[in-house]
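K.L.:
Just add 22 to wherever you are in the sequence shown, counting from 1, and you've got our numbering. Note that the Cβ used here is the ideal one computed from N, Cα and C, for glycine as well. Structure incoming, see below.
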Amino acid sequence: MSPHLFSGSTLDAYTSAVWHASALLADRVKAVRGPYSGASVEDLRDQVGAVDLDRPLGDTGAALHEVARLYLDHAVWFHEPAYVAHLNCPVVIPALSAEVLIAAVNSSVDTWDQSTAGTLIERRLIDWTAGRIGFGPDADGVFTSGGTQSNLHGLLLAREETGGGKIFATTESHFSVAKSAAVLGLGPGAVVGVATDRDGGMDPAALAAAIDDADGAPMAVVATAGTTDLGRIDPLAAIADVCERRRIWLHVDAAYGCGLLASHRRRHLLEGIERADSVTVDFHKSFFQPVSSSAIVVRRGEALGRIAVHADYLNPRAATVPNQVDKSLQTTRRLDALKLWMTLRAIGSDRIGEMFDAVVDRAHEAHRHLLDDPDFEVLAAPTLSTLLFRYRPAGLSVPECDVLTPRLRQRLFHDGRAIVAGTTAGGHHWLKFTLLNPNTTMAHLRDVLDLIREIGRDLAGERAAAPVMA
Ligand SMILES: *Cc1c(COP(=O)(O)O)cnc(C)c1O
């Protein structure tokens, strides 16, 4: 009997290891005073590099303590209110309890005989999501590793269905669209940029013109419901009109905006999504789920079957049981769906929708606050929960600001008390708040802005004192 393997005879060791890990985590989280320790890459590289992987410590407890020092002490904590950088969310507790089960049972949701009820749980959640989207009874889908894979999968189905090779999307669409085109071997120029209106959403008239003028057969239109930078939602119903008239596959990338599916106050922002052929949803962004939790959902389920490849060792030809592997790009696959299941059963989707609404409200509040602060400029009003802004007090020119902004962000990261993102828009550098933590209050955001102001002043002063340094 191996004492190291999870089994009915090692349950004491198992519960002790899991208890020890959660106690250690709680101990470290209690001591957290900001989203990051501020450690440099060199520091961490030395510490991780110094571990001799060929000399085991001999027990889980000792290894956990080492990991706490190497990893937990320098993790980036998404639950910290001053973490306002990327589309990472704090996670709901019922989903964490599901993780314990997922890891130990270790089901693989490929064939029925490797997951049984897990398969049915995943299918119920796909049906639930399809219902929220507004798809009919023919809808189907599958959980994936993330929005990147969901987008690839949606576009692969479009390719199979249409045989075309041109994808239409705005420059605000996620880079995984271009990556998918490359993976699909579509060649350079496959993604045709569609002009946006003044707000950054896809212009449906420009879309129609781009399709009609394209030098190649259309394959898909990708509309984004929640762009990564500005949170913009392309006009889904008008885009669906264009696609239906031309019988072009419409893929809606709602990796970020899918939280609206749970919102009572803002669900209308997704109107038209029910006319998509395929939809990407990232529960690990706006449903407060641990990574990974994502899905591709299609309006006509039979489309998924087009990529099924038969393997005798997996699925008997005349399968009378449901095998998710026939629909997935993956084979061995975690039962990630159990996290969402636990969430819906323990607290329900209304709570999720309220939390997503809260962060959108906060973004609007922060926008008003930034408009009133003469040291800051804000690019545009929010649609969802992101805001692009920059520190630009009187006397700082835009070119100076473009030099200062990336440095400011870098210095803030190594300060560790707050993390914001950086991006470019219109050829200029901007800082970005991505608000996905309902516990982040305006007081926290004011503190983050004060910190930015303080660092910005220092940097501007250093530049003034050393004018030779460009
Ligand atoms: C994050 C994001 C993706 C990619 O999702 P991953 O889960 O990170 O792979 C795709 N599209 C949009 C709009 C996103 O915001």
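1) Consult DSSP for I233 and reduce its assignment to one of helix, strand or coil.
2) Where do the ends of the alpha helix (DSSP H) carrying D300 lie?
3) Starting from the Cα of E88, find the closest Cα among V127, A385, D74 and L109 and give me that residue.
4) Mapping the DSSP letters down to three states, classify A239 as helix, strand or coil.
5) Can you determine whether any heavy atom of ligand 1 sits closer than 7 Å to the C-beta of D256, and answer yes or no?
6) Which two residues bound the contiguous beta strand (DSSP E) that contains K454?
7) Based on DSSP bridge pairs, tell me the residues matched to F435.
8) Which of the three DSSP states, helix, strand or coil, is assigned to A317?
9) With a threshold of 8 Å, are at least 3 pairs of Cβ atoms found where one atom belongs to the region 91-107 and the other to the region 133-140?
10) Measure from the alpha carbon of L458 to the alpha carbon of each residue in S300, G253 and H436, then state which is nearest.
11) Within this structure, are the beta carbons of I374 and P116 separated by less than 8 Å?
12) Tell whether a beta-carbon distance below 8 Å holds between K188 and A236.
13) Under the three-state reduction of DSSP, which class applies to D480: helix, strand or coil?
14) Kindly identify the DSSP beta-bridge partner or partners of H273.
15) Shorter than 7 Å, the distance from the beta carbon of D304 to the closest heavy atom of ligand 1, or not?
16) Are G186 and P226 closer than 8 Å when you measure CB to CB?
17) By DSSP's criteria, V164 is part of a beta bridge. Which residues make up the other side?
18) Is the distance from the Cβ of V10 to the Cβ of E121 below 8 Å?
19) Tell me which residues share the same chain as S371 and place their Cβ nearer than 7 Å to its Cβ, disregarding the 5 neighbours each side in the sequence.
20) For ligand 1, is there any heavy atom lying closer than 7 Å to the beta carbon of A277?
21) Please find out if some non-hydrogen atom of ligand 1 comes closer than 7 Å to the beta-carbon of S316.
22) Considering just the uninterrupted stretch of the alpha helix (DSSP H) at F197, what are its terminal residues?
23) Per DSSP, what kind of secondary structure is A152 in: helix, strand or coil?
24) So is the beta-carbon of H273 under 7 Å away from any non-hydrogen atom of ligand 1?
25) Might you give, ordered along the chain, the residues of its own chain that have their beta carbon closer than 8 Å to the beta carbon of I441, omitting 5 neighbours on each side?
26) With three or more beta-carbon pairs closer than 8 Å as the criterion, would you say the region 420-432 touches the region 349-358?
27) Sorry if obvious, but does the Cβ on S198 come closer than 7 Å to a heavy atom of ligand 1?
28) Quick one: Cα of H306 to Cα of Y278, how far?
29) What do you get for Y413, buried or exposed, if any count of 16 or more other CB atoms within 10 angstroms of its CB means buried?
30) Please name the residue in W41, P404, R367 and H466 whose C-alpha comes closest to that of W150.
31) Where H273 and V313 are concerned, what is the direct C-alpha to C-alpha distance, given to the nearest angstrom?
32) If you follow the alpha helix (DSSP H) that K188 is in, where does it begin and where does it stop?
33) For V63, list the residues DSSP reports as bridge partners.
34) Do you know offhand how far G211's Cα is from A325's?
35) For the beta strand (DSSP E) containing G444, list its first residue and its last residue.
36) Mind listing, in chain order, the continuous alpha helix (DSSP H) runs of no fewer than 4 residues lying wholly within the region 337-412?
P.N.:
On the basis of the data shown:
1) Counting from one through the sequence shown, the residue named residue 233 turns up at place 211. I233: helix per DSSP, three-state reduction.
2) On the sequence shown, position 278 is the one that residue 300 refers to. Per the sequence shown, the amino acid found at residue 300 is Ser instead of Asp. That residue, S300, is in no alpha helix (DSSP H); its beta strand (DSSP E) goes S300 to D304.
3) Looking up residue 88 in the sequence shown gives position 66. Answer by Cα proximity: D74.
4) As a first step, residue 239 is located in the sequence shown; it is residue number 217 there, counting from the start. Coil.
5) Position 234 of the sequence shown holds residue 256. The answer is no for D256.
6) For the purposes of this step, residue 454 is identified with residue 432 of the sequence shown, where counting begins at 1. Here the beta strand (DSSP E) through K454 covers H450 to T456.
7) Counting from 1 along the sequence shown, the entry for residue 435 is found at position 413. Looking at the DSSP assignment, F435 forms no beta bridge with any residue, so it has no partner.
8) Here residue 317 corresponds to residue number 295 of the sequence shown, with the count starting at 1. Strand at A317.
9) no
10) Position 436 of the sequence shown, counted from the first residue, corresponds to residue 458. Checked all of S300, G253 and H436; the closest Cα to L458 is G253.
11) In the sequence shown, counting from the first residue as 1, residue 374 sits at position 352. In the sequence shown, counting from the first residue as 1, residue 116 sits at position 94. No. Outside cutoff.
12) As a first step, residue 188 must be located in the sequence shown, where it is residue number 166. As a first step, residue 236 must be located in the sequence shown, where it is residue number 214. Yes.
13) On the sequence shown, residue 480 is found 458 positions in, with the first residue counted as 1. In the structure shown, D480 falls within a helical segment according to DSSP collapsed to helix, strand and coil.
14) Against the sequence shown, residue 273 aligns to sequence position 251. According to DSSP, which records beta bridges pairwise, H273 is partnered with V244 and S300.
15) On the sequence shown, position 282 is the one that residue 304 refers to. Answer for D304: yes, Cβ within range of ligand 1.
16) Here residue 186 refers to the residue found at position 164 when the sequence shown is read from its first residue. Here residue 226 refers to the residue found at position 204 when the sequence shown is read from its first residue. Against a cut-off of 8 Å, the Cβ pair of P226 and G186 comes out as no contact.
17) Sequence index remark: in the sequence shown, residue 164 carries index 142 (1-based). DSSP lists I318 as partners of V164.
18) Outside the displayed range of the chain (23 to 492) lies residue 10, so it cannot be described from this structure.
19) On the sequence shown, position 349 is the one that residue 371 refers to. Once the five neighbours on either side are set aside, the close Cβ partners of S371 are A284.
20) As a working mapping, residue 277 is identified with position 255 in the sequence shown. Under cutoff, so the answer is yes.
21) Here residue 316 corresponds to residue number 294 of the sequence shown, with the count starting at 1. For ligand 1, at least one heavy atom lies less than 7 Å from the Cβ of S316.
22) Numbered from its first residue, the sequence shown carries residue 197 at position 175. F197 -> alpha helix (DSSP H) spans F197 to V205.
23) Mapped onto the sequence shown, residue 152 falls at position 130. In the structure shown, A152 sits in a helix (DSSP, three-state: H, G or I).
24) Along the sequence shown, read from residue 1 onward, the residue named residue 273 stands at position 251. No; taking the cut-off as 7 Å, the Cβ of H273 has no heavy atom of ligand 1 nearer than that.
25) As a first step, residue 441 is located in the sequence shown; it is residue number 419 there, counting from the start. Excluding positions up to five away in sequence, the list reads P57, Y58, V98, A104, Y105, V106, A107, L434 and F435.
26) no
27) Taking the first residue of the sequence shown as position 1, residue 198 is located at position 176. Look at S198: its beta carbon is less than 7 Å from one of the heavy atoms in ligand 1.
28) Walking along the sequence shown from the start, residue 306 turns up at place 284. Walking along the sequence shown from the start, residue 278 turns up at place 256. Approximately 9 Å between the Cα atoms of the pair.
29) Counting from one through the sequence shown, the residue named residue 413 turns up at place 391. Burial call: buried.
30) Taking the first residue of the sequence shown as position 1, residue 150 is located at position 128. Cα-wise, what sits closest to W150 is R367.
31) Here residue 273 refers to the residue found at position 251 when the sequence shown is read from its first residue. Here residue 313 refers to the residue found at position 291 when the sequence shown is read from its first residue. If you take the alpha carbons of H273 and V313, they lie about 23 Å apart.
32) Within the sequence shown, the letter at position 166 stands for residue 188. Run containing K188: none in the alpha helix (DSSP H); it sits in the beta strand (DSSP E), K188 to A191.
33) Your numbering for residue 63 matches position 41 in the sequence shown. Its beta-bridge partners do not exist; DSSP assigns none.
34) What you label residue 211 is simply residue 189 of the sequence shown in a count that begins at 1. What you label residue 325 is simply residue 303 of the sequence shown in a count that begins at 1. Answer to the nearest angstrom: the Cα atoms are 26 Å apart.
35) For this step, residue 444 is matched to residue 422 along the sequence shown. Its beta strand (DSSP E) spans residues I441 to A447.
36) 359-368 and 371-393
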